[in-house]
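Participant: According to this note's numbering, the sequence shown is numbered sequentially starting from 9. Input: one structure, supplied below.
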Amino acid sequence: AGAIVGGLLVQRLGRKRALVLFSLALALSLLSYLAPAASGSWTSVIVSVSLVSFTGGAATTALYPAMMDRCRSESSASDFTLQQSLCAMGPLVAVGFSGVAASALGYSGHFIASAILAALVVLFVAFILRPGDGLSEEAG
Numbered sequence: 009a010g011a012i013v014g015g016l017l018v019q020r021l022g023r024k025r026a027l028v029l030f031s032l033a034l035a036l037s038l039l040s041y042l043a044p045a046a047s048g049s050w051t052s053v054i055v056s057v058s059l060v061s062f063t064g065g066a067a068t069t070a071l072y073p074a075m076m077d078r079c080r081s082e083s084s085a086s087d088f089t090l091q092q093s094l095c096a097m098g099p100l101v102a103v104g105f106s107g108v109a110a111s112a113l114g115y116s117g118h119f120i121a122s123a124i125l126a127a128l129v130v131l132f133v134a135f136i137l138r139p140g141d142g143l144s145e146e147a148g
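Following this line, the structure appears as structure tokens:
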């Protein structure tokens, strides 16, 4: 559902704006995991997972056009494949650190740290990508 909503809004918002807004929503949605960490309620687990999945779908839908904007026309398939492979490897690396962080910080501390880290990435995207950098600003 998040991917559908994201897809409908990317052209209206513009690629960079959509990427930043949807990624920020994803970063903030990570804080929803504090509810099940504190209560252990299955309802809060379902709500949190649904919220993170929805915002993750929207963010991914905004990320793919941004990745395509970064591809060179003479090697677009290879460029996109490389970028997507790096995106797929990120969570694999994070899984190892996730267990260590949860053990050291507790679940609540881990989810707060995750949200802060995600927000820092959003700030990086928002401020590093400038007009004319190959990421379309156009809104439809």
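C-beta: ideal position from N, C-alpha, C; glycine also. If you're wondering where the values come from, they're calculated on a predicted model, not measured in any experiment.
(1) Is it right to say T51 is buried, meaning 16 or more other beta carbons lie within 10 angstroms of its own, or is it exposed?
(2) Tell me the start and end of each unbroken alpha helix (DSSP H) in the stretch 33 to 89 that is at least 4 residues and wholly inside, in chain order.
(3) Apart from the five residues just before and just after L34, which ones in its own chain have a Cβ nearer than 8 Å to its Cβ?
(4) What is the C-beta distance between G15 and T69, in whole angstroms, given that I count them as a contact (C-beta under 8 Å)?
(5) Quick one: Cα of G148 to Cα of K24, how far?
(6) If we ignore side chains and look at the alpha-carbon of each, how far apart do V3 and A110 end up?
(7) Does the pairing of the stretch 103 to 120 with the stretch 42 to 51 give three or more beta-carbon distances under 8 Å?
(8) Under the three-state reduction of DSSP, which class applies to G117: helix, strand or coil?
(9) Near V13, which residues of its chain fall below 7 Å by C-beta distance, leaving aside the five closest residues on each side in sequence?
(10) For L100, collect the residues of the same chain with a Cβ closer than 6 Å to its Cβ; drop the 5 residues on either side in sequence, then sort them by chain order.
Facilitator: Reading it off the structure:
(1) Taking the first residue of the sequence shown as 1, we reach residue 51 at position 43. With fewer than 16 other Cβ atoms within 10 Å, it is exposed.
(2) Residue ranges of uninterrupted alpha helix (DSSP H) with 4 or more members, entirely inside the stretch 33 to 89 and ordered along the chain, are 42 to 47 and 50 to 77.
(3) Here residue 34 corresponds to residue number 26 of the sequence shown, with the count starting at 1. Excluding the 5 residues flanking it on each side, L34 has same chain C-beta neighbours closer than 8 Å at V60, T63, G64, A66, A67 and A126, in chain order.
(4) Numbered from 1 along the sequence shown, position 7 holds the residue referred to as residue 15. Numbered from 1 along the sequence shown, position 61 holds the residue referred to as residue 69. Cβ-Cβ separation between G15 and T69: approximately 5 Å, consistent with a contact (criterion under 8 Å).
(5) Counting from one through the sequence shown, the residue named residue 148 turns up at place 140. Counting from one through the sequence shown, the residue named residue 24 turns up at place 16. At G148, the pLDDT of 46 sits below 50, so the modelled position is not reliable and the matter cannot be decided from this model.
(6) Any property of residue 3 remains undetermined from this structure, which presents the chain solely from 9 to 148.
(7) Segment contact: the stretch 103 to 120 against the stretch 42 to 51, three or more CB-CB distances shorter than 8 Å; contact assigned.
(8) Position 109 of the sequence shown, counted from the start, is the residue given in the question as residue 117. In the three-state reduction of the DSSP assignment, G117 falls in the helix class, which pools H, G and I.
(9) Position 5 of the sequence shown holds residue 13. Spatial neighbours of V13 in its own chain (CB-CB distance under 7 Å, excluding positions within 5 residues in sequence) are listed in chain order as A66.
(10) The residue you call residue 100 lines up with position 92 of the sequence shown. Contacts found: none.
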